[in-house]
Amino acid sequence: MSQARRSPHDLYETETTDHQTETETILLKHLPHNPDLPSPLQKDAHLQFLIRNLIQGFPSRYISEDASQPWLLYWTLQSFSVMGVALDPNNKQKAIDTIMAWQHPDGGFGGGPGQAAHLLPTYAAVCALAIVGRPSPGGGWDQIDRRKMYEFFLSVKQSDGAFLVAHHAEVDVRGTYCLLVTAHLLIRLTPELLEGVPPFIMSCQTYKGGFSLHLSHISPLNQKVLQPYLILLVPLSVQKPSLQQPSLNFKTLLRWLVQMQGLAIELGGFKGRTNKLVDGCYSWWIGGCFALLSSLGIVEEEAWGDIDDSLWDRAALQRYILCAGQHPAGGLRDKPPKPADLYHTLYCLAGLSSAQHNVFLSSTRQDAIVRSWKTPPESMHEQLHQACFTHSLSWTPSRGSAH
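231 is the number that full-length UniProt numbering gives to position 231 of the sequence shown; each next residue is one higher, with no gaps.
Laid out in structure tokens, this is it:
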């Protein structure tokens, strides 16, 4: 990493510059004394952090997350998965029973028992079931009401291709992502759902290259950069012209993503918006985008092992997560001195993995999956189903890609 120097700014002090200076001062204290001696991932401490929350319950500061109960469980379960740990059958069943209590009688899942159905907790609940559920009575997966789920999806679809995140709620492109992934997992992704989605996504791109929540929201998306995955998912139904891939400005998107990586004094962490502070969660929301763009031929990183040939500094991001992102008591965080939480634990771990491994879409594996399909797809829905699953299951790590 290059010599750590303060971020440049003029002499006019603002709240923004004060916070930036304060953050840089704190992060400087976490710079490793020997850059060639990497800090290890404190896996045992992080596992204990997850176990404490799962078994003993969440501390009082999680009260504000009452409408995000599916997310709390998903972040926990997926964090276990990222670290190669699975729950025992008894705790899996407890998780399944908890998840199914969130299913809304009219379709979808709410943020807790008796709460209104919402696209975001629906995504979290179904993804959590994909980890612990099973296709049998009491296994959760077969108890998902797919017909009502699909009706719920159609009920929040708008004429311009956008989706409300819930009835009488707002449009948010993150809801579009959650809906499409959920429909994909439940084999309910249809041309009817996809109609108008590509133009809507295209309309969310701003002049900076990033994406806003929706067309009228002018600031770049400050929570998650999910659109690259959507652009991979949507064009799979190429047989219907109205569903083809929109013409996004990938050049400005790539420039914006690259510019979100912090300076050496920020330990190479990522931020989510211009002039915002670095945050560990963007290790995944930004850092995870480069492999997706690479699969589209937008990023060519064949010589990615040499850091100078990469569009982003993988080693620096690992340093940020391992030196500043790990809390001494277990779990991962936004940045010091903040406490660890489940959200940052998952996305810091995912970002660390994306920085350490190079993955690509394997055409060989795609062909093998297509050949193994029991029944050749006939309808457009079946073709879309095959294309989506083939695409999802074909991500393969490069040989010797650990970095």
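Cβ atoms here follow ideal geometry from the backbone N, Cα and C, with glycine treated the same way.
A check of alpha carbon separations from residue 69 across 173, 120, 330 identifies 120 as the nearest. Contact between the region 37-51 and the region 324-332 is present, with at least three C-beta pairs closer than 8 Å. In the DSSP assignment, no residue is bridged to residue 258. Rounded to the nearest whole angstrom, the CA to CA distance from residue 32 to residue 318 is 12 Å. Comparing C-alpha distances from residue 398 to each of 252, 385, 98, 363 shows the shortest one belongs to 363. When DSSP reads this structure, residue 332 sits in a beta bridge with 326. In the DSSP annotation of this structure, residue 396 is not part of any alpha helix (DSSP H); the continuous beta strand (DSSP E) holding it starts and ends at 395-397. For residue 171, the pairing in a beta bridge is given by DSSP as 164. Annotated three-state conformation of residue 361 is strand, per DSSP. Bounds of the alpha helix (DSSP H) holding residue 125 are 119-132. If you draw a straight line from the Cα of residue 291 to the Cα of residue 280, it is about 18 Å long. DSSP places residue 115 in the coil class of the three-state scheme, outside both helix and strand. When DSSP reads this structure, residue 109 sits in a beta bridge with 103. Per DSSP, residue 29 lies in no alpha helix (DSSP H) and is assigned neither H nor E. Under the three-state reduction of DSSP output, residue 84 falls in the coil class, being neither helix nor strand. Between the region 125-138 and the region 160-172, the count of Cβ pairs shorter than 8 Å is below three; the stretches do not touch. Annotation for residue 35: no alpha helix (DSSP H) segment contains it, and DSSP assigns it neither H nor E.
Per DSSP, residue 281 lies in no alpha helix (DSSP H) and is assigned neither H nor E. Residue burial annotation: residue 12 is exposed, with fewer than 16 other C-beta atoms found within 10 angstroms of its C-beta.
Considering only 284, 322, 346, 339, the residue with the shortest C-alpha distance to residue 312 is 284. Boundaries of the alpha helix (DSSP H) around residue 150: 146-155. DSSP places residue 270 in the strand class (E or B) of the three-state scheme. Here the region 97-109 lies against the region 138-152, with 3 or more beta-carbon pairs under 8 Å apart. Annotation: the continuous alpha helix (DSSP H) that includes residue 198 extends over 197-203. Residue 261 has its alpha-carbon roughly 32 Å from the corresponding atom of residue 66. Under DSSP, residue 288 shares a beta bridge with no residue.
In the DSSP assignment, no residue is bridged to residue 389. Beta-bridge pairing by DSSP links residue 211 to 205. Around residue 17, the same chain offers 9 as residues with beta carbons nearer than 6 Å, after the five sequence neighbours per side are excluded. Judged by DSSP secondary structure, residue 345 falls within the alpha helix (DSSP H) whose first and last residues are 342-356. Around the beta-carbon of residue 334, 16 or more other beta-carbon atoms lie within 10 Å, marking it buried. The Cβ-Cβ distance between residue 179 and residue 200 does not fall below 7 Å.
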